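Let me begin by presenting the structure, written as structure tokens, before commenting on it.
Numbering (this note's numbering), first residue to last: 14 to 343.
Written as structure tokens, this is what we have:
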């Protein structure tokens, strides 16, 4: 996709991006070049009903409208990424961490706020589209975005369009099974990739190793300080336990990506989220699994890269996709 061509119609017009999470909601006013002009952040934990959330979103939208008018511009579109399953119409089917949004036609509620186009998508899909529009895979038309955070999410772009599946539930890469009869997962299955390669899974692996008596610099950390970032730091300092845990996470990730390579033969995989900061430490075992399990032609084609947009990927992706008329398959 050529971003500059796609956004020509929005010259002098602005986009609003909403990144709704279980803890915080972030909003941004974005110009046609992907520059964030204004930001707002507020807690989503303080809301227990959609009406309260909408009141706050409306206040911020009015502030953004005023800012756009000050430059002689206007708001062209509003997009939102939400942590849950979203159908084609923008209705939130299930939002596990914001259950009071279950069944809400979020797109319709956002459309009430102004005369602009609106699109609501899953948060991992928003991250995928952000990296496609303005990030690490802007030159690729087929790729998988993998988010390694508290859980493992996925967003799939094929032929320059976001593939969300028959019911809007496609891309759940974190629930590819990499260990039959392995760790129980919140989805109801066992041995899902999320249980091994997410920040949560990595920390569980560390605690299991410590409980078995392995020595590590990580054992001196309290619960709040023991994070996936701390595991990465320890590994870079030569901590054997931390290195083993990240090697195992990389191995599991490689197993899952080999399946994707063989089934879809995409051009790229972009790894996003906090755990992606340790991608270089995971690459040896990841690449080893790819060479063992993926067809050579598929593995040779596949480019695996870290995301470039950091925490802004979701908010930029939500904003950009709202201004794209034919962004979704089918």
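Even for Gly, the Cβ is constructed at its ideal location relative to N, Cα and C. The structure displayed is predicted, hence computed values, not measured ones.
Where does residue i fall in DSSP's three states?
| i | result |
| --- | --- |
| residue 74 | helix |
| residue 56 | strand |
| residue 21 | In this prediction, residue 21 has a pLDDT of 36, which is less than 50 and means its spatial position is unreliable; nothing more can be read from the coordinates. |
| residue 194 | coil |
| residue 44 | coil |
| residue 206 | coil |
| residue 51 | strand |
| residue 39 | strand |
| residue 63 | helix |
Ignore the nearest five residues each way along the sequence and tell me which others in residue i's own chain have a CB closer than 7 Å to its CB.
| i | result |
| --- | --- |
| residue 35 | 57, 96, 110 and 111 |
| residue 265 | 191, 206, 209 and 210 |
| residue 148 | 320, 321, 322 and 326 |
| residue 220 | none |
| residue 182 | 98 |
| residue 275 | 307, 308 and 311 |
Could you say which of the options lies nearest to residue i if we only look at CA atoms?
| i | options | result |
| --- | --- | --- |
| residue 90 | 132, 72 and 59 | 132 |
| residue 237 | 213, 102 and 226 | 213 |
| residue 98 | 32, 184 and 126 | 184 |
| residue 127 | 74, 288, 48 and 195 | 74 |
| residue 117 | 201, 66 and 87 | 66 |
| residue 328 | 27, 25 and 40 | 40 |
| residue 53 | 59, 60 and 37 | 37 |
| residue 312 | 199, 288 and 280 | 280 |
| residue 172 | 232, 277 and 81 | 277 |
| residue 257 | 215, 154, 163 and 153 | 215 |
Leaving aside the five residues before and after residue i along the sequence, list all residues of the same chain whose C-beta is less than 8 Å from its C-beta, in chain order.
| i | result |
| --- | --- |
| residue 175 | 134, 138, 141, 142, 168, 169, 334, 340, 341 and 342 |
| residue 124 | 131 |
| residue 301 | 264 and 267 |
| residue 261 | 209, 218 and 298 |
I'd like the list of long-range same chain contacts for residue i, defined as Cβ closer than 6 Å, with 5 residues on each side in sequence excluded.
| i | result |
| --- | --- |
| residue 255 | 244, 247 and 248 |
| residue 26 | 86, 87 and 89 |
| residue 317 | 282 |
| residue 319 | 284, 289 and 292 |
| residue 103 | 119, 120 and 133 |
Where DSSP assigns a beta bridge to residue i, which residues make up the other side?
| i | result |
| --- | --- |
| residue 160 | 166 and 285 |
| residue 90 | 28 and 130 |
| residue 174 | 171 |
| residue 223 | According to DSSP, residue 223 bridges with nothing at all. |
List in chain order: all unbroken alpha helix (DSSP H) runs of 4+ residues lying wholly within the stretch 231-285.
-> 241-249 and 253-277
Residue ranges of each beta strand (DSSP E) run of no fewer than 3 residues wholly in the stretch 101-158, ordered along the chain? 105-107 and 130-135
request  = Please list the segments of the alpha helix (DSSP H) lying wholly inside the stretch 285-323, counting only runs of 4 or more residues, in order along the chain.
outcome  = 292-306 and 309-314
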